[in-house]
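Our numbering applies: residue 204 is where the sequence shown begins, and numbers increase by one.
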Amino acid sequence: MMAVEGASAQARDAAPLPEAKPKLSVDRISSFSEEDLLALCEATDAAIIDGGGFGWINPPGRQVIESYFKGLLMVPEREIYVGRVDGVIVGSTQLVRPSRNNEAQAMAATITQAFVAPYARRLGLARMMAMRVEERARAMGYQVLNLDVRETHVGAISLYEGLGYVRWGEHPAYARVGGQMIAGVFFYKLLQRKS
Ligand SMILES: CC(C)(COP(=O)(O)OP(=O)(O)OC[C@H]1O[C@@H](n2cnc3c(N)ncnc32)[C@H](O)[C@@H]1OP(=O)(O)O)[C@@H](O)C(=O)NCCC(=O)NCCS
Numbered sequence: 204m205m206a207v208e209g210a211s212a213q214a215r216d217a218a219p220l221p222e223a224k225p226k227l228s229v230d231r232i233s234s235f236s237e238e239d240l241l242a243l244c245e246a247t248d249a250a251i252i253d254g255g256g257f258g259w260i261n262p263p264g265r266q267v268i269e270s271y272f273k274g275l276l277m278v279p280e281r282e283i284y285v286g287r288v289d290g291v292i293v294g295s296t297q298l299v300r301p302s303r304n305n306e307a308q309a310m311a312a313t314i315t316q317a318f319v320a321p322y323a324r325r326l327g328l329a330r331m332m333a334m335r336v337e338e339r340a341r342a343m344g345y346q347v348l349n350l351d352v353r354e355t356h357v358g359a360i361s362l363y364e365g366l367g368y369v370r371w372g373e374h375p376a377y378a379r380v381g382g383q384m385i386a387g388v389f390f391y392k393l394l395q396r397k398s
């Protein structure tokens with residue numbers, strides 16, 4: 204009897220510990236700590252190298268990325284959201300409100316520049332960031348959220364289709380990467396309607 208108990212205790216001790224689930228969070232950034240800025244620049248750099256760096260094709264260097272994000276904080280129409288894994292920034296997206304002169308489109312905002320670093324993908328963070336931006340735009344009274352993406356960014360297309368965005372058009376000459384023209388895909392979502 205004692206021998207059996209000893210064996211099961213041994214087996215229990217040898218069993219691998221269950222992996223801790225990473226803690227995901229999203230928050231709006233209105234100033235940067237040194238640590239956050241470093242992590243955001245690293246994540247951006249990694250995303251650009253991987254081929255999905257919201258417009259950048261070649262990594263422009265830490266200084267340029269840092270100035271870009273610091274400058275964004277001063278743009279009145281833009282809000283920056285960051286996604287974190289266990290507190291560390293690994294991705295970001297932006298909400299762009301229409302400029303004040305654009306009365307005809309005062310009801311429509313845009314979600315743009317979404318990315319998650321390759322080392323933190325498929326955890327659900329981009330979905331969480333998009334939902335947070337939607338929630339904010341809806342709360343501010345916007346009726347439409349627009350977005351566009353390169354047709355080669357299939358993960359992003361599947362993400363937004365999964366969130367109920369309606370694909371309404373294609374732009375055949377949307378971007379040029381490595382000398383090749385790439386089409387773009389345009390989406391919208393009506394926000395004040397329950398999805
Ligand atoms: C697109 C991107 C932002 C997704 O980030 P992510 O945090 O990995 O996405 P999530 O984990 O939230 O995925 C949510 C859903 O999107 C879809 N999706 C995400 N990545 C996908 C991929 N590589 N292939 C197919 N579907 C994908 C899936 O439906 C996924 O749900 P599931 O994991 O339950 O199947 C990320 O891959 C990225 O930064 N890509 C390069 C840049 C880019 O395309 N940016 C968008 C331009 S606006």
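Just so you know, even glycine gets a beta-carbon here, dropped at the ideal spot from N, CA and C. Computed from a predicted structure; not experimentally measured.
I want to check one thing, is the minimum distance from the CB of H374 to the heavy atoms of ligand 1 below 7 Å? Incorrect: H374 has no Cβ contact closer than 7 Å to ligand 1.
How should Q297 be labelled, buried or exposed, when 16 other C-beta atoms within 10 angstroms of its C-beta is the threshold for buried? Under this definition Q297 is a buried residue.
Just to confirm the assignment: which complete beta strand (DSSP E) runs, minimum length 3, are found wholly within the stretch 309-364? Inside the stretch 309-364, DSSP marks whole beta strand (DSSP E) runs of 3 or more residues at positions 311-319, 347-353, from first to last along the chain.
Cβ neighbours of M204 in the same chain (closer than 8 Å, five flanking residues each side left out): Confidence at M204 is low in this model, with a pLDDT of 45, below 50, so its placement is unreliable and no value can be given for it.
Could you say which of G294, R231, Y363, V229 lies nearest to L257 if we only look at CA atoms? The residue asked about is misnamed: residue 257 is Phe in this sequence, not Leu. Comparing alpha-carbon positions, the option among G294, R231, Y363, V229 lying closest to F257 turns out to be G294.
Ligand 1 and L328: does the residue's C-beta get closer than 7 Å to at least one heavy atom of that ligand? Taking non-hydrogen atoms of ligand 1 into account, the C-beta of L328 is found less than 7 Å away from one of them.
Under 7 Å: does the beta carbon of F390 sit that close to some heavy atom of ligand 1? Answer for F390: no, Cβ out of range of ligand 1.
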